[in-house]
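The listed protein sequences correspond, in order, to chains W and S.
Numbered according to the numbering used here, the first sequence terminates at residue 275, and the numbering increases by one at each position without gaps.
Numbered according to the numbering used here, the second sequence terminates at residue 141, and the numbering increases by one at each position without gaps.
Virtual Cβ for every residue (Gly too), placed ideally from N, Cα, C.
Accompanying notes for the structure given below.
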Amino acid sequence: HVQLVESGGGVVQPGGSLRVSCAASGFTFSAYGMHWVRQAPGKGLEWVAFIRYHGGEEHHADSVKGRFIISRDNSKNTLYLQMNSLRPDDTAVYFCAKDDPGKIFDYWGQGTLVIVSS
Amino acid sequence: DIQMTQSPSSLSASVGDRVTITCRASQDIRNDLGWYQQKPGKAPKRLIYAASSLQSGVPSRFSGSGSGTEFTLTISSLQPEDFAAYYCLQHNSYPPIYTFGQGTKLEIK
Numbered sequence: 158h159v160q161l162v163e164s165g166g167g168v169v170q171p172g173g174s175l176r177v178s179c180a181a182s183g184f185t186f187s188a189y190g191m192h193w194v195r196q197a198p199g200k201g202l203e204w205v206a207f208i209r210y211h212g213g214e215e216h217h218a219d220s221v222k223g224r225f226i227i228s229r230d231n232s233k234n235t236l237y238l239q240m241n242s243l244r245p246d247d248t249a250v251y252f253c254a255k256d257d258p259g260k261i262f263d264y265w266g267q268g269t270l271v272i273v274s275s
Numbered sequence: 033d034i035q036m037t038q039s040p041s042s043l044s045a046s047v048g049d050r051v052t053i054t055c056r057a058s059q060d061i062r063n064d065l066g067w068y069q070q071k072p073g074k075a076p077k078r079l080i081y082a083a084s085s086l087q088s089g090v091p092s093r094f095s096g097s098g099s100g101t102e103f104t105l106t107i108s109s110l111q112p113e114d115f116a117a118y119y120c121l122q123h124n125s126y127p128p129i130y131t132f133g134q135g136t137k138l139e140i141k
């Protein structure tokens, strides 16, 4: 069965950097696009970034453009989100989600919490 | 960018009630919309895709309708396990920029 397991969250100071990861299993990772979605405490869902199955095309939300970079390593079945110049309003649970072509995302991980605070 | 307006933001209802949640898109998105249910501390669960297609394993009391700019999620007879937050998500735009609705928190009256 499909499993997505995020890791790498933690506490980081404003202006700092952090990389979160998403280990995928139970499907052919290299055949599917992948997303990052975040949820600030007590708030709604916000789409963050998308990467195509081959890794050659990625898109980011305006709120993170120029600071966050989505990437993937298909040989390791792993998705990444490199977060730089972090701000307190980046504090959130970060979920990875599997793309389902032509439909909304079908599988999600359980999320990893990132706290940006001094 | 496409904006999604979801209403209401919160809703109190009783077991057995019929409830409807609405999402409006700022431009025509055809049927490129789906719905998620999220319970506290959990990942979202897909309920509906392509506006009206029921996800396998989801009870038939859930239904979706609409196309273009107006969409609805209906729960025909609320069950205790349905009290949760619900979100719409559009995926029509290119380049791929996805937009969630603001969410609806469904609470027990």
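Taking the alpha-carbon positions, what's the residue i to residue j distance?
i, j, result
"Gly66(S)", "Ile261(W)", "6 Å"
"Phe207(W)", "Ile227(W)", "7 Å"
"Lys200(W)", "Ser42(S)", "13 Å"
"Ile129(S)", "Gln70(S)", "21 Å"
"Gln267(W)", "Ala75(S)", "5 Å"
"Arg78(S)", "Thr106(S)", "14 Å"
"Thr104(S)", "Pro127(S)", "25 Å"
"Asp33(S)", "Ile61(S)", "12 Å"
"Asp263(W)", "Gln87(S)", "9 Å"
"Arg93(S)", "Ser108(S)", "5 Å"
"Gln111(S)", "Val47(S)", "5 Å"
"Met36(S)", "Ser58(S)", "6 Å"
"Val51(S)", "Ala45(S)", "8 Å"
"Gln160(W)", "Cys253(W)", "11 Å"
"Tyr119(S)", "Trp204(W)", "12 Å"
"Asn231(W)", "His211(W)", "8 Å"
"Ile272(W)", "Asp246(W)", "9 Å"
"Ile140(S)", "Glu113(S)", "10 Å"
"Tyr189(W)", "Ala181(W)", "11 Å"
"Ala218(W)", "Leu138(S)", "28 Å"
"Leu187(W)", "Gly259(W)", "Position check: residue 187(W) holds Ser in this sequence, whereas Leu was assumed. C-alpha separation (whole angstroms): 17 Å."
"Trp265(W)", "Asn234(W)", "15 Å"
"Gly73(S)", "Gly213(W)", "33 Å"
"Val162(W)", "Met240(W)", "18 Å"
"Tyr68(S)", "Ile80(S)", "7 Å"
What does DSSP give as the partner residues of residue i in its beta bridges?
i, result
"Phe207(W)", "His192(W) and His216(W)"
"Lys77(S)", "Gln69(S)"
"Phe103(S)", "Cys55(S) and Gly98(S)"
"Val177(W)", "Leu238(W)"
"Ala45(S)", "Ile140(S)"
"Tyr119(S)", "Tyr68(S)"
Give a yes or no on whether the C-beta atoms belonging to residue i and residue j are separated by under 9 Å.
i, j, result
"Gln122(S)", "Asp64(S)", "yes"
"Ser84(S)", "Gly100(S)", "no"
"Asp256(W)", "His192(W)", "yes"
"Phe136(W)", "Leu236(W)", "Any question about residue 136(W) goes unanswered here, given that chain W covers just 158 to 275."
"Ser178(W)", "Gly165(W)", "yes"
"Ser275(W)", "Pro198(W)", "no"
"Arg209(W)", "Val250(W)", "no"
"Asp131(S)", "Pro40(S)", "The question names Asp, yet the displayed sequence has Thr at residue 131(S). Not in contact: Thr131(S) and Pro40(S) (Cβ atoms no closer than 9 Å)."
"Ser220(W)", "Ser174(W)", "no"
Using the beta-carbon of each residue, which ones in chain B are nearer than 7 Å to residue i?
i, result
"Gly201(W)", "Considering every chain present, this structure includes no chain B. Its protein chains are W and S."
- Of all the residues that make up the segment 56-86 of chain S, which are near chain W by a beta-carbon distance shorter than 7 Å? Within the segment 56-86 of chain S, the qualifying residues are Gly66, Ala75, Pro76, Arg78, Tyr81 and Ala82.
- Item | Contact list for the segment 212-229 of chain W against chain S, Cβ threshold 8 Å | Listed by position, the residues of the segment 212-229 of chain W near chain S (Cβ gap below 8 Å) are His216, Ala218 and Asp219.
- Query: Taking only runs of the alpha helix (DSSP H) that begin and end inside the segment 229-272 of chain W, which ones reach a length of at least 4 residues, in chain order?
  - Reply: none
- Of all the residues that make up the segment 100-130 of chain S, which are near chain W by a beta-carbon distance shorter than 7 Å? Tyr119, Leu121, His123, Pro127, Pro128, Ile129 and Tyr130
- Query: Going along the segment 258-272 of chain W in order, which residues come within less than 8 Å of chain S, judged by CB to CB distance?
  - Reply: Gly259, Lys260, Ile261, Phe262, Asp263, Trp265, Gly266, Gln267 and Gly268
- Mind checking the segment 175-204 of chain W against chain S and listing, in chain order, the residues whose C-beta falls within less than 7 Å of any C-beta there? Listed by position along the chain: Gly201, Leu202, Glu203 and Trp204.
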